[in-house]
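Residue numbers (the numbering used here): 2 to 343. Just so you know, even glycine gets a beta-carbon here, dropped at the ideal spot from N, CA and C. This structure is a prediction, so every number in the text was calculated from the model and none was measured. Okay, structure first, notes after.
Here you go:
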């Protein structure tokens, strides 16, 4: 299993939130599981938000009022005979802390405060934060709420908190009795862990490899013009690193099975090799035509039991298949990544 401190740093890179390292202090508590880590990040983040003041937005309100404010709802006021009582139904905008993002944060605080596998000190700390969010409405979280929240541009600690809340939403599920929440096997979910791993590697190189232009890029099929070209599958790289002298296409894989048995022997996974070879092959033609560097491919796997780093030349294309041990010290992890592109 990936050490929690390493996972924390991976998440900070994956979410492009390295600035949070100055806000979240993981060293003050032994965080032995993901729910403790997320709870700690949430508690420290909310404390920071409360200290500087929760974000406010103009929210539409409607009240029966003796002093007119905003827009008078004449139809409702007449229908309810409010004018006869010296009041009117008014709709107005009010600057409020009761925003969508604050509601998501409050709901997530409540979830972790009711999760038994979270450290008791952390649960108590979260419970003490909840009354400080009294001005924020309680909501039930669902996927659509997070989709709405992501359509609003966020910065700083709020961007980090949304990532924490989204991961918590995916990671915590209600208890069967309905009294609290329990953690799922996040590390066993290959799809979710692959996404974290992919985003971590992409943003690590984007931040640390200044000598390259780092993107996740679309590769066009090197095919003759054809009316049916839209039927060809899209090719998008996990990571593309380009400099004046190199063009590296890096594909990340997150699977416990690095090899496939073939006639009583282990062999590299053919589907992974075919994919990276296709990416490199399709990029080679356009690069040659424009005088850009010959593309090369890297397959990168996280692995602790099978450490290997091998290179091949297939059809004149340079391919490298390597592993990275995410259980190692952070300095060794950085060293392994840096060695891939030197």
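Which word fits residue i, buried or exposed, when buried means at least 16 other C-beta atoms lie within 10 angstroms of its C-beta?
{"i": "residue 46", "result": "buried"}
{"i": "residue 199", "result": "buried"}
{"i": "residue 201", "result": "buried"}
{"i": "residue 344", "result": "Coverage of the chain is limited to positions 2 through 343, which leaves residue 344 absent and any answer about it impossible."}
{"i": "residue 29", "result": "Caution applies to residue 29, whose pLDDT of 48 falls short of 50 and renders its modelled position unreliable; the value that the coordinates give is listed next. Answer is exposed; the Cβ neighbour count stays below 16."}
{"i": "residue 333", "result": "exposed"}
{"i": "residue 297", "result": "buried"}
{"i": "residue 79", "result": "exposed"}
{"i": "residue 50", "result": "buried"}
{"i": "residue 96", "result": "exposed"}
Rounded to whole angstroms, what is the Cα-Cα separation between residue i and residue j?
{"i": "residue 285", "j": "residue 270", "result": "23 Å"}
{"i": "residue 336", "j": "residue 327", "result": "12 Å"}
{"i": "residue 94", "j": "residue 217", "result": "42 Å"}
{"i": "residue 266", "j": "residue 113", "result": "47 Å"}
{"i": "residue 83", "j": "residue 71", "result": "16 Å"}
{"i": "residue 232", "j": "residue 226", "result": "12 Å"}
{"i": "residue 130", "j": "residue 175", "result": "21 Å"}
{"i": "residue 68", "j": "residue 60", "result": "19 Å"}
{"i": "residue 10", "j": "residue 18", "result": "10 Å"}
{"i": "residue 214", "j": "residue 242", "result": "6 Å"}
{"i": "residue 183", "j": "residue 316", "result": "51 Å"}
{"i": "residue 303", "j": "residue 40", "result": "26 Å"}
{"i": "residue 55", "j": "residue 20", "result": "19 Å"}
{"i": "residue 77", "j": "residue 206", "result": "59 Å"}
{"i": "residue 187", "j": "residue 324", "result": "21 Å"}
{"i": "residue 341", "j": "residue 52", "result": "43 Å"}
{"i": "residue 123", "j": "residue 167", "result": "19 Å"}
{"i": "residue 64", "j": "residue 98", "result": "18 Å"}
{"i": "residue 389", "j": "residue 169", "result": "There is simply no residue 389 to check, as the chain begins at 2 and stops at 343 in what is shown."}
Do the CB positions of residue i and residue j come within less than 9 Å of each other?
{"i": "residue 5", "j": "residue 43", "result": "no"}
{"i": "residue 219", "j": "residue 237", "result": "yes"}
{"i": "residue 245", "j": "residue 287", "result": "no"}
{"i": "residue 209", "j": "residue 338", "result": "yes"}
{"i": "residue 312", "j": "residue 318", "result": "no"}
{"i": "residue 36", "j": "residue 127", "result": "no"}
{"i": "residue 48", "j": "residue 66", "result": "no"}
{"i": "residue 57", "j": "residue 100", "result": "yes"}
{"i": "residue 261", "j": "residue 300", "result": "no"}
{"i": "residue 331", "j": "residue 34", "result": "no"}
{"i": "residue 134", "j": "residue 110", "result": "yes"}
Identify the residues that DSSP records as bridge partners of residue i: which are they?
{"i": "residue 287", "result": "Note: residue 287 sits in no beta bridge, so no partner."}
{"i": "residue 216", "result": "241"}
{"i": "residue 269", "result": "260"}
Original post:
For the 8 Å Cβ check, are there 3 or more pairs between the region 279-294 and the region 249-261?
Top reply: By the Cβ test, the region 279-294 is in contact with the region 249-261, since at least three Cβ pairs between them sit closer than 8 Å.
Subject >> Meets three-Cβ-pair contact criterion under 8 Å: the region 162-176 and the region 95-110 >> reply: yes
Original post:
Just checking, does the region 146-154 make contact with the region 118-126 on the three C-beta pairs under 8 Å criterion?
Top reply: With a cut-off of 8 Å, the region 118-126 and the region 146-154 do not count as touching, because too few Cβ pairs lie within range.
Subject >> the region 130-143 touching the region 180-197, judged by at least three CB pairs closer than 8 Å >> reply: A contact is defined here as three or more CB-CB pairs under 8 Å, and the region 130-143 fails this definition with respect to the region 180-197.
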